[in-house]
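Residues 638 to 862 in this note's numbering are what the sequence shown spells out, letter by letter. Don't be surprised by glycine CBs; every beta carbon is placed ideally from N, CA and C. What you are looking at is a predicted structure, and each value in this text was computed from that prediction instead of being measured. Structure first, then comments.
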Amino acid sequence: MFIGLRTTAVALLAAAAAALTAGPAQATPSDFTACPDVSELPAGADPAAWRCEAMTAVGHLDIGRLDLPITHPMAITFAEGTIDGEFHQVFGDMTAAPLAIAGSPFALRPEYAGFSDFQSNDERRGELDLTFALSGPGLRNGCSIGTEADPVHLALRDTEPTTVVSQDPLVVRFGVVDDEFTAPRSSGCGPLGPVIDRLLGLPAAPGESRISLDAQVALRSYDEL
638 MFIGLRTTAV
648 ALLAAAAAAL
658 TAGPAQATPS
668 DFTACPDVSE
678 LPAGADPAAW
688 RCEAMTAVGH
698 LDIGRLDLPI
708 THPMAITFAE
718 GTIDGEFHQV
728 FGDMTAAPLA
738 IAGSPFALRP
748 EYAGFSDFQS
758 NDERRGELDL
768 TFALSGPGLR
778 NGCSIGTEAD
788 PVHLALRDTE
798 PTTVVSQDPL
808 VVRFGVVDDE
818 FTAPRSSGCG
828 PLGPVIDRLL
838 GLPAAPGESR
848 ISLDAQVALR
858 SYDEL
């Protein structure tokens with residue numbers, strides 16, 4: 638899809654707000670292969686006192702005018718522990734399937750943008766920076782909502798208390814939401830960027846976007862990996 642087909646682009650993207658109908662299917666996380674290696678832990682870290690957490694999450698993403706079920710689990714791994722009583726984290730990996738934009742050949746994929754803080758407190762479960770890569774005909778490589786320099790910042794709050802799913806490995810479940818994040822204009826999309834922004838409702842102010850997740854986390858000590 639090139640500049641001369643802008644009318645076609647408008648027609649295709651106009652269906653972007655239509656919701657997908659498939660329901661979420663959560664999978665119990667148990668894959669620790671993407672955990673940070675022991676050599677990546679901070680100096681002084683005792684593997685017996687550190688653990689890897691492997692999270693999967695499904696849910697729903699509303700961003701601008703888009704209404705997208707997250708039906709294929711996103712996966713995040715990270716390590717956490719203490720050194721001399723001080724809490725530390727090491728990010729591992731994040732994978733997510735593209736979210737199809739209904740009625741169009743375009744898709745949006747959540748991607749890690751370089752910052753995470755999964756130490757919970759009374760105000761939030763954790764924080765995470767994301768970009769949302771846009772792909773499809775006529776869109777340049779690197780087209781995205783948010784960049785590493787200006788990411789979409791999530792501050793996730795609990796919606797469901799933590800419950801134990803299984804003991805071996807230990808797996809817990811909880812629900813989180815952020816309905817206050819902002820979403821910037823698209824970046825790196827070429828001549829179709831203004832079209833995408835107009836039809837997807839970007840930029841989106843606080844309260845105009847929402848992500849809700851049903852998360853499961855498997856935990857295992859590094860001396861057991």
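Reduced DSSP secondary structure (H/G/I, E/B, other) of residue i
i      : result
Ile833 : helix
Glu690 : strand
Ser846 : coil
Ser741 : coil
Ser757 : coil
Asp815 : strand
Ala734 : coil
Leu856 : strand
Under 7 Å between C-beta atoms of residue i and residue j
i      : j      : result
Val808 : Ala855 : yes
Arg762 : Val695 : no
Asp766 : Pro788 : yes
Phe818 : Leu793 : no
Ser753 : Phe728 : yes
Cys826 : Leu745 : no
Pro742 : Pro774 : yes
C-alpha gap between residue i and residue j, whole angstroms
i      : j      : result
Asp683 : Ser858 : 10 Å
Val802 : Phe811 : 10 Å
Gly584 : Glu861 : This structure gives no information on residue 584, because the portion of the chain shown stretches from 638 to 862.
Pro673 : Pro806 : 18 Å
Asn778 : Gln804 : 43 Å
Phe724 : Gly718 : 6 Å
Neighbourhood of residue i by C-beta, 6 Å cutoff - its chain only, sequence neighbours within 5 removed
i      : result
Leu850 : Ala694, Gly696, Val813
Neighbourhood of residue i by C-beta distance below 8 Å, restricted to the same chain and skipping five residues each side
i      : result
Ser823 : Leu771, Cys780, Ser781, Ile782, Gly830, Ile833, Asp834, Leu837, Leu839
Glu677 : Ala716, Val727
Point to revise | the segment 770-789 contacting the segment 728-743, beta-carbon criterion three pairs below 8 Å | key: yes
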